[in-house]
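Residue numbers (the working numbering): 444 to 792. So the structure is just underneath, and the comments pick up after that.
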Ligand SMILES: [Zn+2]
Ligand SMILES: [Zn+2]
């Protein structure tokens, strides 16, 4: 089978590998869609790897943590899944026994391994997956949509639902890359009035078409002032930062109303804030948004179907695996937004 490897320094290799055999409790999946994510860039560059242990970022592991496909073989002891079943993959492979795993938060497990960072992922014609990480796709959900539900849409659904985003809420979204665009789409489906903020007009246009009621180009106007204006000085109920950029993180804290909430979703290692004014004296709730507990996927898939979320519109480019070098180059250069490897030239299948 063909598989991608990222040895670092922006090198991309497409290699020939044996199709793996599913072990105890595993299934073999024929990949039908595998999305490229901003976090893959740490592997592409071979440094600053936020996810994964020692071997991540050394080109030893096949990347791809947002795949979907069809089960083609069951390992010993697998129950409740069948050959031919359509699934997406939950990326966090946990021990299955600790309190976090038992509550479905596999990515909080002390021993977790990340698909596509610690173990071979979906940028290959086939990949192995523990059976308990298989997320069954309803018939109406395409492989492409299924792949995108596992990261962007799922993260936004879980985060916004926990912060009680709903009809009557005001929601500000900072940073309109694929994650922010998904935030707009999900917030709109929840019934919130969405205000979308970015520096790029093209992204603001996409946000409008995905249901944002208002957009702010923060290069042209002060986002905090503009949002205070829109909300008559009150601020928004919930602000979500998907940029990871300190000015936007601060703006998110500043535009949230008293007793409102802010979610940080864009990865970031250092920032400066003023807890007294921005959090304490507003009795603000500040949370991190990162994936969803595995049991919630059924709700997420049902939500996407029920509200007919145009998830595939988040995909700007589709590639074959042989064109992986170009796919990663263009993604790194930000010439594409969400890019996905599709297989058999049958992306919508
Ligand atoms: Zn991702
Ligand atoms: Zn565990």
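From the three backbone atoms N, C-alpha and C, an ideal C-beta is built for every residue, glycine too.
| Check | Outcome |
| --- | --- |
| What number of angstroms, rounded off, separates the C-alpha of residue 628 from the C-alpha of residue 752? | 7 Å |
| Measuring only from the beta carbon, is residue 469 closer than 7 Å to any heavy atom that is part of ligand 1? | no |
| With hydrogens ignored, establish whether the beta-carbon of residue 775 is closer than 7 Å to any heavy atom of ligand 3. | This structure does not include ligand 3; its bound ligands are ligand 1 and ligand 2. |
| Hey, is residue 508 close to ligand 1, as in C-beta under 7 Å from one of its heavy atoms? | yes |
| By Cβ distance, which residues of its chain are closer than 6 Å to residue 762, with the 5 residues on each side in sequence left out? | 770 and 784 |
| In the region 516-551, which residue ranges form an unbroken alpha helix (DSSP H) of at least 4 residues, counting only runs that do not cross its ends? | 542-545 |
| Give the list of continuous beta strand (DSSP E) stretches no shorter than 3 residues that lie fully inside the region 606-669. | 613-617, 636-641 and 657-660 |
| Alpha carbons only, please: which of 700, 711 and 708 is nearest the one belonging to residue 723? | 700 |
| Is residue 480 near ligand 1, in the sense that its beta carbon is under 7 Å from a heavy atom of that ligand? | yes |
| Counting along the chain, where does the alpha helix (DSSP H) carrying residue 718 start and finish? | 718-721 |
| Can you tell me where the beta strand (DSSP E) with residue 679 in it begins and where it stops? | 679-684 |
| Could you check how far apart the C-beta atoms of residue 659 and residue 637 are, in whole angstroms? I think they sit under 8 Å. | In fact, because the Cβ distance is near 11 Å, the residues do not count as touching under 8 Å. |
| Count the other CB atoms within 10 Å of the CB of residue 581; is the residue buried (16 or more) or exposed (fewer)? | exposed |
| Closer than 7 Å: is that where the CB of residue 594 sits relative to any heavy atom of ligand 1? | yes |
| Look up residue 754 in the DSSP assignment and say whether it is helix, strand or coil. | helix |
| Closer than 8 Å is the cut-off here; do at least three beta carbon pairs connect the region 474-481 with the region 500-518? | yes |
| Pull up the distance between the alpha-carbon of residue 536 and that of residue 503, whole angstroms please. | 18 Å |
| Which residues share a DSSP beta bridge with residue 760? | 782 |
| Does ligand 2 have even one heavy atom less than 7 Å from the beta-carbon of residue 554? | yes |
| Would you say the region 544-564 touches the region 591-609, given that touching needs at least three Cβ pairs under 8 Å? | no |
| So what's residue 790 in DSSP terms, helix, strand or just coil? | Summary for residue 790: the model assigns pLDDT 43, below 50, so the residue's position carries little reliability, and this model does not support an answer. |
| Going by the CB atoms, is the gap between residue 764 and residue 566 shorter than 8 Å? | yes |
| Specify whether the region 671-686 and the region 581-592 touch according to this definition: at least 3 beta carbon pairs, one from each stretch, less than 8 Å apart. | no |
| Just curious, the alpha helix (DSSP H) that residue 692 is in, first and last residue? | 689-698 |
| Specify the secondary structure class of residue 569 as computed by DSSP and reduced to three states. | strand |
| Is DSSP giving residue 492 helix, strand or coil here? | coil |
| Using a Cβ-based criterion (distance less than 7 Å to any ligand heavy atom), does residue 557 qualify as near ligand 2? | no |
| Could you tell me which residues DSSP puts in a beta bridge with residue 729? | 705 |
| Any beta carbon of chain C sitting closer than 8 Å to that of residue 571? | Structure shown: chain C not included; a single protein chain is present. |
| Relative to the C-alpha of residue 488, which residue among 768, 786, 778 and 657 is closest? | 768 |
| Can you tell me where the alpha helix (DSSP H) holding residue 744 begins and where it ends? | 740-749 |
| Give the C-beta separation of residue 682 and residue 705 to the nearest angstrom, bearing in mind that I take them to be a contact with Cβ-Cβ under 8 Å. | 5 Å |
| Restricting to runs no shorter than 4 residues, where is the alpha helix (DSSP H) found entirely within the region 451-494? | 484-488 |
| Note down, in chain order, each residue of its chain lying with its Cβ closer than 7 Å to the Cβ of residue 462, except the 5 sequence neighbours on either side. | 444 and 569 |
| Is residue 689 closer than 8 Å to residue 715 when the C-beta atoms are compared? | yes |
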